[in-house]
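Residue 9 is where the sequence shown starts when you use my numbering, and the numbers rise one by one after that.
Structure record follows, encoded as structure tokens.
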Amino acid sequence: MILYLINPDNPLVSMVKSREYRWNRYSVWKPLGLLVIAGLTPPEWTVTIVDENIKRRDYAFMPTPDLVGITAFTSQANRAYVIAREFRERNVPVIMGGIHATMCSNEALERVDTVVTGEAESIWPKLLDDFRQGSMKPLYAGTHLNLKKVPTARHDLLPDGYFFGSIQTSRGCPLSCSFCSVTAFNGGKYRRRPIENVIDEFRLIKEKNILIVDDNFIGISKEHLAYVKDLLRALIKARLHKKWVAQVTINMADDEELLTLAAQAGCEGVFIGFESTSNEGLEEIDKRYIMKKGRNMKDSIRRIHRHGIIVVGSFIIGLDIDKAEIGHDIADKARQYDIDALNVMFLTPLPGTKLWDKMFSENRIIADNFPHDWQYYTLTFPVASCMHLSWYEMLKEKNICYRTFYSYPGIIGRVLHMLLNRHSPLHLLVINLWYRKNTLHVDRQAYTNYDLKRGHALSQPVHVKLKREVA
Ligand code: SF4
9 MILYLINPDN PLVSMVKSRE YRWNRYSVWK PLGLLVIAGL TPPEWTVTIV
59 DENIKRRDYA FMPTPDLVGI TAFTSQANRA YVIAREFRER NVPVIMGGIH
109 ATMCSNEALE RVDTVVTGEA ESIWPKLLDD FRQGSMKPLY AGTHLNLKKV
159 PTARHDLLPD GYFFGSIQTS RGCPLSCSFC SVTAFNGGKY RRRPIENVID
209 EFRLIKEKNI LIVDDNFIGI SKEHLAYVKD LLRALIKARL HKKWVAQVTI
259 NMADDEELLT LAAQAGCEGV FIGFESTSNE GLEEIDKRYI MKKGRNMKDS
309 IRRIHRHGII VVGSFIIGLD IDKAEIGHDI ADKARQYDID ALNVMFLTPL
359 PGTKLWDKMF SENRIIADNF PHDWQYYTLT FPVASCMHLS WYEMLKEKNI
409 CYRTFYSYPG IIGRVLHMLL NRHSPLHLLV INLWYRKNTL HVDRQAYTNY
459 DLKRGHALSQ PVHVKLKREV A
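This is the structure in structure tokens:
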């Protein structure tokens, strides 16, 4: 029996569309969830994983499968439904799982044969059994799995071409920030994989650079930190010579032993969500956890830098407190903090978040022609109205922010700073040039693809204003 597991084209990170922007290969992540599902699939199935972000396939010219499984983040949902229609027209049953199908299960149920909500691994063997017996149900609800039971991901099923391999060591987050759906999807309890399983899987990944996809690699308690330190010791002992990056909180800077172990275990960089330049902003999005009284961000980041670890900082534009000049404010803060690369996102009400409920009840969602408009929910595109900034002003502020931070003098300054600290500036330079090139590209697309050609998605006054200002 033939099973296709498909990761649809993601408008944000598709290498297919961005061949001309070759450096985008740094933003294509492996579809790890599908690799794990493949690991749970019995040997009588021949599994093919299709990642449309690395290569679009013409399904009409591929052997007709017995079953298709599709995963999707919200921004991929529209494409997922197009793929589902294509296979269903050929009488191939289609299953859809992942975070979007979980949060919008009714919408998905209208377009596929079976929807899996939650963590699919917990019900995948049962679902395949039901399929074999001709009794596959329309809806399966996955539960939060004991991660001891998660098999090794089938990294061997994907072709070369990725810059980063990927791996997961933990799931869940108790912090429940208003814009984030991790707590709703993976639960509020921090669950970890056995260290030996993680090390074994590290060994199987052929890419030299690895992304640890955990939403917060270091966790939030002493117990979490103890696990991470043990994992890092095991990595050092295994001598795998891999380089890796991970998402963490700024609290990593407070633990010198953790920093030392991370650097020795191959940590090249960390991604930290600062989100707002002010405590009011952090309170607005329920991210009080990182508001440590009296923290000097510059000193904290210097402590991370001392270990040769690059810091990519992320901020959000579109909070209710954000006003004109927020672009400059963020660029200034990022420079004051001495972060190495800056990532700016728009506040995006993703389905299943507290933010979605708020924005929906306040009638502030402006990209609302669903499912078509899900493709704009990439976090790089304003899809909801902001209290003090128009749609166009949000784009403008982001542009100002990036143009300020990624000016050539700014980039050169950061490279020199790295050299002075006797660390290689190569990665920093690549990341900075990548952001400079790609963010300008995204902004251009925002004007041409979204509004000027398809103005009906925006409410009329905003559209008219945008047209006038762009013209
Ligand atoms: S943004 Fe990070 S800290 Fe907040 S809920 Fe999501 S995973 Fe947890």
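The C-beta atom is built at its ideal place from N, Cα and C for all residues, glycine as well.
Small disclaimer: the values here were computed from a predicted structure and weren't measured.
Burial state of residue i, where buried means 16 or more other Cβ atoms lie within 10 Å
i	result
His-471	Because His-471 carries a pLDDT of 37, less than 50, the predicted location of this residue cannot be relied on, and the following value inherits that uncertainty. It is buried - the Cβ of His-471 has at least 16 other Cβ atoms within 10 Å.
Asn-287	exposed
Ser-467	Legend: pLDDT at Ser-467 = 38, less than 50; position of this residue unreliable, no value from coordinates given.
Pro-19	buried
Asn-194	buried
Asp-66	exposed
Val-123	buried
Arg-476	Note on Arg-476: pLDDT 38, under 50, position unreliable in the model; the coordinate value appears next. Flag for Arg-476 reads exposed.
His-464	With a pLDDT of 38 at His-464, under the threshold of 50, the modelled position of that residue is not reliable, and no figure is offered here.
Leu-13	buried
Tyr-384	buried
Met-111	buried
Pro-50	exposed
Asn-377	exposed
Asp-348	buried
Lys-250	buried
Top-ranked residue by Cα proximity to residue i, from the options
i	options	result
Val-76	Val-438, Gly-47 and Asn-15	Asn-15
Gly-326	His-313, Ala-342, Leu-355 and Val-319	Leu-355
Asp-381	Asp-59, Ala-88 and Ala-234	Ala-88
Thr-79	Gly-126, Lys-306 and Leu-441	Gly-126
Ala-342	Lys-245, Cys-112 and Lys-306	Lys-306
Ile-298	Ala-261, Ala-270, Asp-208 and Glu-276	Ala-261
Glu-97	Phe-413, Pro-73 and Ile-107	Pro-73
Glu-231	Leu-290, Ile-220 and Lys-197	Lys-197
Gly-302	Thr-160, Val-319, Asn-259 and Gly-274	Asn-259
Ala-149	Glu-209, Ala-109 and Pro-159	Ala-109
Asp-328	Asp-208, Ala-271, Met-402 and Cys-409	Met-402
Phe-69	Ser-229, Phe-95, Thr-82 and Trp-53	Phe-95
Gln-176	Val-206, Ser-393 and Arg-119	Val-206
Met-395	Ile-408, Leu-243, Met-367 and Arg-311	Met-367
Ser-83	Ser-178, Ala-375 and Asp-121	Ala-375
Beta-ladder partner(s) of residue i, from DSSP
i	result
Asp-59	Asn-15
Asn-440	BP columns for Asn-440 are empty, so no partner.
Tyr-148	Val-124
Glu-283	Phe-323
Gly-173	Ile-218
Gln-255	Phe-279
Ser-178	Arg-200
Ala-392	Ile-373
Contact check, residue i vs residue j, beta carbons under 8 Å
i	j	result
Met-353	Thr-388	yes
Gly-281	Ser-308	no
Leu-43	Arg-162	yes
Ile-62	Gly-169	yes
Thr-257	Ile-226	yes
Gly-41	Ser-189	no
Leu-363	Phe-187	yes
Leu-11	Pro-133	no
Phe-279	Asn-217	no
Lys-245	Glu-265	no
Ser-174	Val-221	yes
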